[in-house]
Amino acid sequence: MLRMRVGSKALAFGLLATSALVPGLLAGTASAQNALPSFVLSQTLSVTDYDGVSDDLLTAGLGVTGLSSATAPTIANPLSPTVAELRRRAIHNAYRGLVDTSTGGGWRVLYGPNLDANYNDTGTEGKVAGREYIALTDDGSGSNFQTVIVQIPANADRIRPCMVTGPSSGSRNVYGAIGTAGEWAFRNGCVAVYTDKGTGNFFHDVSRDYLFDRFGQFLPRGSVGSATNFAASFTTSQGAFASAYPNRLAYKQAHSGKLVDGKWGDYTLQAIEFGFYAMNQYLAGGSLLFAPSNTKVIAGGVSNGGGAAVMAAEKDTKGLVQGVVAVIPNVIPPQRSGLSIRYGTSTLTAPGKHFIDYYTQIALYAPCAALDSSLTGAVLNADPSGSPTGSRANRCTALRGKGLLSTNTLAAQAAESLQIIHNYGYLSEGDWEIPLMENLNAYRQIINTYVAEYGRFRVDDVLCGTSFSATNTAGAPIQLPAATAALLFAAGNIIPPAGGINVIAENAANGPINEVMAVSRSTGLADLNLDAALCYRSLVTGEAAPGTRMSMRDKINSTRVRQGMQEVVGTANLRGLPALIIQARNDEVIHPNHAGRAYFGWNKIVEGAASKLSYIEVPNTQHFESLISTFGPASAPIYLPIHHYFVRGLDAMLANLRSGTALPQSQVVRTVSPRTSALTAANYKTFLPDMATTPTAANAISVSNSTVVIPQ
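Right, here's the structure in full:
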């Protein structure tokens, strides 16, 4: 491995190409001078060559064998990990967090570094030689920058150049999509471009004044300087907040005041432009040889990354993107009436609710709904770790006391809560994951971050009486252990509560305390901080919580939140680009009725005959690929990898862009749960049939008279 920090003058070395070596590209462009995009902070640009043996682009030297191991790569000094160690740990974590690496689940058979473009096992470790460019970019704000990475394989296809985007899923760091978009890119000789979308799990330890640099090292502010992904700003002052709330952490997504979610598309487009710069440096010796006119660019992504890919296509005014493949994307369709969804014999007349609307609603009722008898035996069907026994049952009691439930027994309240969730457009196919989502605090993760972000609140606003901090066994805020902090860039997956950082209920009767241990003041119950959940719901709806009145400050805060909500809404106009949205029917995170299905319907209304979007819905698949093996033979149902259809969708899109091969039309893919059968190269189509170019009438998805028709 050779790393060079090149500043504003990137050195071109290694494999070069000229117009003579790359026939078919535009004549005369090789003499033009390549220039670093103006939004890139030149002083942060670093270039590293990987030999594909000791270290590499795709697996950080671990190979498919190392990635298959649940044991994380070692760190010589956990208090001071090196850049290479953080990168290796981050890639190992990202890979295993995004795809199912269990035996028999498709790993090393349907996907994995060991496979070639035809999905044949090469018998190798799948290491990829090439060059990696990393830098920070500015969106015009002049602070709290984004990280972008370009990875160019040494065997990049120079005759038919191609590029695929990898915006990180969830709130992961910049390497988050390496095992999804990156692996496919290298398998096909394409360049991979990544962005952390302005999220990236970055936090600011306010008391210690420690920040992250672009490589994920957690350092004193003076060592990082201004070129950091995130340094908190304050409504009052840092000192005042640190004194009043010691050991609290500010998170970029929640507390930067930038509303980064509204710029996901812009950050993805920045990554593409940076990608062309890097391609021309590495493959063309600094000449302007590669451009959108001769390079096939696919905006690809998973989950929030899929939403970023769609937003990039919506916002692209430079012709950078030629096609879109988004799987389980967090897309927020236009927020207006006029669309309905007919699913089997039932019709939903208000689909396409805002992401934070349906999350704040479900967050109220999920703890109680998880106790429904239909979910007996579901994975992690228990009170959240650390919470008092009976905390979910207490939520049922508290909801009844607030008049938000009408029944009186625990069983009836759980059933009523589940029905309320269904009435809000949540498919019953996703019910099985509600206990898991609740146990892992997933609903609380979303509402504690996204509402604050939409309203552009600062950490010292302490919105709804919540903050972030590490806690001791009693739930009291403590300083985040140094070793945990040093590795969190690489080990952290998602927003708090996760990675040793919890949500603090500042206003609890027994607070400040870990939210899952909180006793709500309004109920006197350990009910998983119902008071905060009601507060967040009120800010989203603009309506007072039961038994309360909104103060003038509450009304102003709600207006801020609802204005921010509108800034992340999509247009559903993909500008006539060929596109595939691939939705997991059993998705418990991004709900089909409010995301993929509704976006597809609005796209057909907005674009009409110009639309080239196909909507693919896949039963027996859900959101968390890495948890598929958790839903084992002892706990039905058993799910299939939606990732299989992501890579096959990318295959289809590349074939369409290169040779005009027809894309699959909108359809339900009739998968079959494998139960105890291992997926093999010989049998997988029994369980994972191909997407049909022209589906049968029984499987075809259509839009008629503003109604999306989905076969059940």
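In terms of mature numbering (1 follows the signal peptide of the UniProt record, and there is no 0), the sequence shown is residues -32 to -1, 1 to 680.
Where is the CB? At the ideal position from N, CA and C, for every residue including glycine.
Residues that DSSP places opposite residue i in a beta bridge
| i | result |
| --- | --- |
| residue 291 | 266 |
| residue 173 | 178 and 217 |
| residue 75 | 79 |
| residue 743 | Because the chain spans -32 through 680 in this model, residue 743 falls outside it and cannot be assessed. |
| residue 130 | 264 |
| residue 162 | 117 and 134 |
| residue 678 | 311 |
| residue 356 | According to DSSP, residue 356 bridges with nothing at all. |
| residue 89 | 83 |
| residue 101 | 15 and 118 |
| residue 297 | None, per the DSSP bridge assignment. |
| residue 671 | 676 |
Status (buried if at least 16 other CB within 10 Å, exposed otherwise) for residue i
| i | result |
| --- | --- |
| residue 150 | buried |
| residue 285 | exposed |
| residue 304 | exposed |
| residue 93 | buried |
| residue 666 | exposed |
| residue 653 | exposed |
| residue 42 | exposed |
| residue 393 | buried |
| residue 59 | buried |
| residue 534 | exposed |
| residue 376 | exposed |
| residue 175 | buried |
| residue 648 | exposed |
| residue 657 | exposed |
| residue 511 | exposed |
Inter-residue Cα distance where the pair is residue i and residue j
| i | j | result |
| --- | --- | --- |
| residue 147 | residue 85 | 15 Å |
| residue 586 | residue 546 | 20 Å |
| residue 673 | residue 427 | 47 Å |
| residue 435 | residue 349 | 27 Å |
| residue 100 | residue 28 | 11 Å |
| residue 253 | residue 2 | 9 Å |
| residue 46 | residue 450 | 9 Å |
| residue 433 | residue 262 | 53 Å |
| residue 411 | residue 331 | 5 Å |
| residue 616 | residue 163 | 23 Å |
| residue 351 | residue 363 | 11 Å |
| residue -8 | residue 260 | Low confidence applies to residue -8: its pLDDT is 45, below 50, so where it sits in the model is not reliable, and the reading given next is rough at best. Each residue's Cα considered, the two are about 11 Å apart. |
| residue 335 | residue 501 | 11 Å |
| residue 200 | residue 595 | 34 Å |
| residue 32 | residue 240 | 28 Å |
| residue 359 | residue 290 | 50 Å |
| residue 333 | residue 368 | 11 Å |
Local conformation of residue i per DSSP, three classes
| i | result |
| --- | --- |
| residue -16 | Only weak support exists for where residue -16 lies, its pLDDT of 34 falling under 50; the value from the coordinates is given anyway. In the structure shown, residue -16 sits in coil (DSSP, three-state: anything other than H, G, I, E or B). |
| residue 482 | strand |
| residue 94 | coil |
| residue 585 | strand |
| residue 393 | coil |
| residue 580 | strand |
| residue 255 | strand |
| residue 636 | strand |
| residue 51 | helix |
| residue 16 | strand |
| residue 186 | strand |
| residue 607 | coil |
| residue 5 | coil |
| residue 464 | coil |
| residue 551 | strand |
| residue 342 | helix |
| residue 446 | strand |
| residue 335 | helix |
| residue 502 | helix |
Minimum Cβ-Cβ distance from residue i to chain C less than 7 Å
| i | result |
| --- | --- |
| residue 524 | The chain labelled as chain C is not found in the depicted structure, where only one protein chain is given. |
The ligand NAP heavy atom lying under 6 Å from the CB of residue i
| i | result |
| --- | --- |
| residue 460 | The ligand NAP is not among the ligands present in this structure, which contains no ligands whatsoever. |
Taking 8 Å as the cut-off, does the segment 518 to 530 touch the segment 261 to 275 (at least 3 CB pairs, one atom from each stretch)? These segments do not touch.
Three CB pairs or more closer than 8 Å across the segment 326 to 341 and the segment 287 to 306: The segment 326 to 341 vs the segment 287 to 306: no contact.
Would you say the segment 454 to 465 touches the segment 163 to 182, given that touching needs at least three Cβ pairs under 8 Å? At 8 Å Cβ cutoff, the stretches touch.
Touching by the beta-carbon criterion (3+ pairs, under 8 Å), the segment 28 to 40 and the segment 605 to 616: Counting Cβ pairs under 8 Å, fewer than three are found: no touch.
Could you say if the segment 480 to 494 and the segment 440 to 447 meet the contact criterion of at least three C-beta pairs nearer than 8 Å? Contact annotation: the segment 480 to 494 touches the segment 440 to 447, with at least three C-beta pairs closer than 8 Å.
Evaluate contact between the segment 307 to 321 and the segment 552 to 571, counting only Cβ atoms and requiring at least three cross-stretch pairs below 8 Å. Per the Cβ contact rule, the segment 307 to 321 is in contact with the segment 552 to 571 (3 or more Cβ pairs under 8 Å).
Do the segment 638 to 658 and the segment 72 to 90 meet, that is, are 3 or more Cβ pairs less than 8 Å apart? Contact between the segment 638 to 658 and the segment 72 to 90 is present, because at least three Cβ pairs lie under 8 Å.
Say whether the segment 244 to 251 touches the segment 537 to 556, bearing in mind that this needs 3 or more beta-carbon pairs closer than 8 Å, one atom from each stretch. Result no; under three Cβ-Cβ pairs closer than 8 Å.
Is there contact here, the segment 151 to 159 with the segment 115 to 131, by at least three beta-carbon pairs under 8 Å? Touching, yes.
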